[in-house]
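Residue numbers for the sequence shown, in our numbering: 3 to 238.
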Amino acid sequence: MKLIVGNFKMNLEYGEVIDYIDYFKEKAYSNVIFAPSYLYLSKFHDAKLTIASQDVSKFDKGAYTGDVGAFQLKSMGVEYSIVGHSERRNNYQEDSDINSKIFRLQEQGIIPIICIGETKEEKDNGLCLSVLKKEIKDALKNIDNDQVKNIIFAYEPIWAIGTGLIPQNSEIEEVISFIKKYVYDKYLFHVKVLYGGSVNNQNIGVLELIPNIDGYLVGGCSINQEKFDSLIQKVK
Ligand code: PGA
3 MKLIVGNFKM NLEYGEVIDY IDYFKEKAYS NVIFAPSYLY LSKFHDAKLT IASQDVSKFD
63 KGAYTGDVGA FQLKSMGVEY SIVGHSERRN NYQEDSDINS KIFRLQEQGI IPIICIGETK
123 EEKDNGLCLS VLKKEIKDAL KNIDNDQVKN IIFAYEPIWA IGTGLIPQNS EIEEVISFIK
183 KYVYDKYLFH VKVLYGGSVN NQNIGVLELI PNIDGYLVGG CSINQEKFDS LIQKVK
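Right under this line is the structure:
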């Protein structure tokens, strides 16, 4: 069954979150993961919904004001964590922190969902695969081979995020095959690869024709419960 991760980003106030949870709590979708802001995670967990954080501190614990540690996420029932989202890479220059964040998550048994993707300029210059290779290599530096099996990648072309633009199915298929082969050749484990970037309940049918996709990371469409539900129901 394909995984569907809803990344709410910095959206929804408390009352909206309560309505949202009410909508989904009886549905019992075992393949759907919700990534609200940190402060709402426990509400989702209490409703027995599977949760991911949108980020994690690169530090272990202690005097890091504003950070949330992997051990704290673990203690709240968080099972997955998005790391290396392009919005964090760009807004906070986090590229070099991603590897430490993955270590912190793995120490706690939380599954990292590592976002990788190229800019439009890199794509136009034929650099997509080399950019992805570097992002994978940097993220997995010094990670034990047998830990790699507990990692999920999300291929998110930066130019497709929030823009309504999506690569051709053949392009997504090629990139996903590349990521899977690269990781398998280097670490000898098969990884799941999700696609993210402007996925919605209208275009999901076309994306579903891609044979090697393991699921979707959904931003904008996930913050509306009806639209997200309609997307979920179209995923096989
Ligand atoms: P989007 O965001 O679906 O709004 O394009 C995807 C993401 O950033 O994970």
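Cβ atoms here follow ideal geometry from the backbone N, Cα and C, with glycine treated the same way.
In this structure Q56 is buried. Its beta-carbon is surrounded by 16 or more other beta-carbon atoms within 10 angstroms.
Under the DSSP assignment, G217 falls outside any alpha helix (DSSP H), being part of the beta strand (DSSP E) whose first and last residues are 217 to 220.
At a cut-off of 3 residues, the continuous stretches assigned as beta strand (DSSP E) that sit fully inside the segment 116 to 199 are 154 to 157, 194 to 198. Burial of T52 is indicated by the presence of at least 16 other C-beta atoms within 10 angstroms of its C-beta.
Residue pairing by DSSP places N9 opposite A37 in a beta bridge. Annotation for G79: H47 place their beta carbon closer than 6 Å to its own, counting only its chain and skipping 5 residues before and after.
Inter-residue distance for S232 and C223 is about 10 Å (C-alpha atoms, whole angstroms). S102 and N144 have their C-alpha atoms roughly 10 Å apart. With respect to G119, Y157 sits close: the two C-beta atoms are nearer than 8 Å. Note: Y82 is bridge-paired with A54, I113 in the DSSP secondary-structure output.
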